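*Asks:*
2 protein chains.
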Amino acid sequence: MLALALHKFLRKLIYLRKQIECRGMGMDGCYDYVVEPRDVDLTGRATFVAVGNYVLQAAGEDADRNGFGLRDLNCSNCSWVLSRVAMEFDHWLMQYERFSVRTWVNEVGRLMTTRNMVLTDEMGVRRGAAVTQWAMIDLDRRTPVDIRANLDYAAAIREEPSPIEKPQRILRVTPVRTVAHRVSYSDIDFNRHANSMKYMEWMFDLLPLEYITDRTLARVDINYHHEARYGELLTICFEDGPQSLFEIKNSEGVPICRASLGWRER
Amino acid sequence: MLALALHKFLRKLIYLRKQIECRGMGMDGCYDYVVEPRDVDLTGRATFVAVGNYVLQAAGEDADRNGFGLRDLNCSNCSWVLSRVAMEFDHWLMQYERFSVRTWVNEVGRLMTTRNMVLTDEMGVRRGAAVTQWAMIDLDRRTPVDIRANLDYAAAIREEPSPIEKPQRILRVTPVRTVAHRVSYSDIDFNRHANSMKYMEWMFDLLPLEYITDRTLARVDINYHHEARYGELLTICFEDGPQSLFEIKNSEGVPICRASLGWRER
């Protein structure tokens, strides 16, 4: 009885808090998640891949809500393509932590648009932030579409600046270690292309385990160049230095993804 | 100012709610989940690995609530070890579907106990079921412990029979196809052992993709024999027939996991 009353009261308060947080957010883009047991690694912290997946899920949910999600775009034979990502982390999320991703779009050009995210915990403390850049393509011609022509999208643009520095361009990676990977069933999404976060999983698997246990990831920059299809044999290249640099190449040697990881000592 | 005060107040209430919710939950454990975008494969259906992870998560949550979860057991230097799993599927779960896992324990011997699960959708329709068998071990000696000595566990036993046939013993696999796999960062949990469902991921990656697109998985049996540690080089073996059989061996040729997949045409 007491539990039920408290539960109802809490629900109202949580809703009220969200209203305060998201007030004037325009499209009200706040999405709540929990760090599940399967999201954490040997240190008990959420993996980069898990957090990245939640960030992309929030992007998808928000686009859906505002009328320019994948299902809407597919009606006009278009789709979103993720081009670049930057993420920074203040304090890593731990197992069972509840957190919110607030997301908004703030820049749109002919070929590229910017979507931002801020991750906060239940106390409202910022735990991380992301800037993602997207292109819109015509699915038949595989060519870019002018994003500004999408009226729903144009209406969603907000003035609020990006929370962190935009994704950096990663020019060259000189491998000191490489490993081969065949794109498999568990890597692919409904398009039969490798899921964006799978690239990052392969990269993290190449790192010495002490990087995970003794350091803390501060910033990640990712450049997506091409898609990896089911069955393709890829090479994942790793160059170590102040930053850890990665490049994934397909069997013709064409770079399909580059990333850089910036660390701080724990 | 108002937001901060509300946050502090909320934190106290959330803690209080958790305390009330967990008190005397009894044995009737029902746990709700949603099929997230990252849980589905190229067909739009939840993967076996995703469903298996939810089933194991429900087992963990229910054990926690009843006083014999991993954290409780660790206090007396013990742990649960998953020994065998059987799962059957009536209708596969699709992206964004909400479902519940109801779980209960119904048999306990000296060395092994049985935990059951029934998966139902929002309409109450059964979508699948599982029977899992577990041992309890002493973490220092790595030897089995008499489960019946755990009084919380003994109190949780219910009469209700298992929903499907118990896990079958898989005796022999004659490989027609093998692939090597090095246990990596993304495979391991906090114990630095490969996560139980990762074994299944490697097996599914060995299947022809048409098995996924043209058939429907009806039943899975898994026998876990040994743990796979970080850095170990494993061989995954596949034997095809009316059932798809798998064996994973470590570098000494010792079997660490066997599984059989039973199919029906779509």
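Residue numbers (this note's numbering), protein chains in the order written: chain Z, 1 to 266; chain D, 267 to 532. Yeah, the Cβ is synthetic: ideal placement off N, Cα and C, and Gly gets one too. Bear in mind that the values here come from a model prediction, so they are computed numbers and not experimental data.
I need the boundaries of the beta strand (DSSP E) containing Z/T213, first residue and last residue.
*Replies:* Taken as a continuous stretch (DSSP letters only), Z/T213 belongs to no beta strand (DSSP E), being part of the alpha helix (DSSP H) at 209 to 214.
*Asks:* Check distances from the C-beta atoms of the region 222 to 240 of chain Z to those of chain D and list, in chain order, the residues that come in under 9 Å.
*Replies:* Y230, G231
*Asks:* On the DSSP bridge list, what partners appear for Z/N223?
*Replies:* Z/R84, Z/R258
*Asks:* What three-state label does DSSP hand D/P441 in the structure shown?
*Replies:* The DSSP-derived three-state label of D/P441 is coil.
*Asks:* Under the rule that 16 or more other beta-carbon atoms within 10 Å means buried, what is D/L385, buried or exposed?
*Replies:* buried
*Asks:* Would you mind stating whether D/P433 and D/A352 have Cβ atoms separated by less than 7 Å?
*Replies:* The answer is yes: Cβ separation under 7 Å.
*Asks:* Return the chain-ordered list of same chain residues with a C-beta closer than 8 Å to the C-beta of D/E426, the five sequence neighbours on each side being excluded.
*Replies:* W370, N372, N382
*Asks:* For the 8 Å Cβ check, are there 3 or more pairs between the region 223 to 236 of chain Z and the region 459 to 471 of chain D?
*Replies:* no
*Asks:* Nearest to Z/V51 by alpha carbon, out of Z/M94, Z/N66, Z/R65?
*Replies:* Z/M94
*Asks:* For Z/R182 versus Z/F238, is the C-beta spacing smaller than 7 Å?
*Replies:* no
*Asks:* Helix or strand or just coil, what does DSSP make of D/V311?
*Replies:* According to the sequence as given, residue 311 of chain D is Arg; it is not Val. D/R311: strand per DSSP, three-state reduction.
*Asks:* Can you find a C-beta in chain D that's less than 7 Å from the C-beta of Z/G26?
*Replies:* The pLDDT assigned to Z/G26 is 40, lower than 50, so where the model puts this residue is not dependable, and the model offers no usable value.
*Asks:* When DSSP builds the beta bridges, which residues end up paired with Z/L234?
*Replies:* Answer is Z/H181.
*Asks:* Using beta carbons (cut-off 7 Å, strictly below), is Z/Q243 in contact with chain D?
*Replies:* no
*Asks:* Quick one: Cα of D/A422 to Cα of D/F456, how far?
*Replies:* 27 Å
*Asks:* Per DSSP, D/G295 forms a beta bridge with which residues?
*Replies:* D/T369.
*Asks:* Against D/E302, what residues of chain Z qualify as contacts under a CB-to-CB distance less than 7 Å, listed in chain order?
*Replies:* Q57
*Asks:* Just to confirm, are Z/D140 and Z/G67 a CB contact at a threshold of 7 Å?
*Replies:* no
*Asks:* List, in order along the chain, the chain Z residues whose C-beta lies closer than 9 Å to that of D/L473?
*Replies:* Y185
*Asks:* Straight-line CA distance for D/D404 to D/Y299?
*Replies:* 32 Å
*Asks:* Z/I188: which of Z/I164, Z/Y230, Z/M112, Z/N150 sits nearest, CA to CA?
*Replies:* The shortest Cα separation from Z/I188 among Z/I164, Z/Y230, Z/M112, Z/N150 belongs to Z/Y230.
*Asks:* Please state the DSSP three-state secondary structure of Z/V35.
*Replies:* Coil, per DSSP.
*Asks:* In angstroms, rounded to a whole number, what distance separates the CA positions of Z/E122 and Z/T216?
*Replies:* 22 Å
*Asks:* Taking its Cβ as the centre, do 16 or more other Cβ atoms sit within 10 Å of D/E518, making it buried, or is it exposed?
*Replies:* exposed
*Asks:* Between the Cα of Z/Y185 and those of D/T479, D/W358, D/V439, spot the shortest distance and give me the residue it belongs to.
*Replies:* That would be D/T479, whose Cα lies nearest to the Cα of Z/Y185.
*Asks:* Among D/C344, D/D506, D/L475, which residue has its Cα nearest to the Cα of D/L308?
*Replies:* D/L475
*Asks:* Going by DSSP, what residues sit across from D/L483 in a beta bridge?
*Replies:* D/W529
*Asks:* If we define contact as Cβ-Cβ less than 7 Å, is D/K515 a contact residue for chain Z?
*Replies:* Contacts with chain Z at 7 Å (Cβ-Cβ) do not include D/K515.
*Asks:* Quick check on DSSP: helix, strand or coil for D/V411?
*Replies:* coil
*Asks:* 7 Å is my cut-off, CB to CB: does D/N332 come that close to chain Z?
*Replies:* no
*Asks:* Go ahead and label Z/S76 buried or exposed: buried means 16 or more other beta carbons lie within 10 angstroms of its beta carbon, across all protein chains shown.
*Replies:* exposed
*Asks:* Output needed for Z/R23: all residues of its chain with C-beta closer than 6 Å, excluding positions within five of it in sequence on either side, in chain order.
*Replies:* Any reading at Z/R23 needs caution, since the residue's pLDDT is 44, under 50, leaving its predicted position unreliable; the model's value is listed next. Cβ neighbours of Z/R23 beyond the five flanking positions: none.
*Asks:* Beta-carbon of Z/E97 versus every beta-carbon of chain D: anything under 7 Å?
*Replies:* no
*Asks:* Over what stretch of residues does the beta strand (DSSP E) that includes D/D406 continue unbroken?
*Replies:* Counting along the chain, D/D406 falls outside any beta strand (DSSP E), and DSSP gives it neither H nor E.
*Asks:* Could you work out which residues of chain Z lie near D/R458, taking near to mean beta carbons separated by less than 9 Å?
*Replies:* L42, L209
*Asks:* Assuming D/E431 is part of the beta strand (DSSP E), what are its boundary residues?
*Replies:* No beta strand (DSSP E) contains D/E431, which DSSP labels as neither H nor E.
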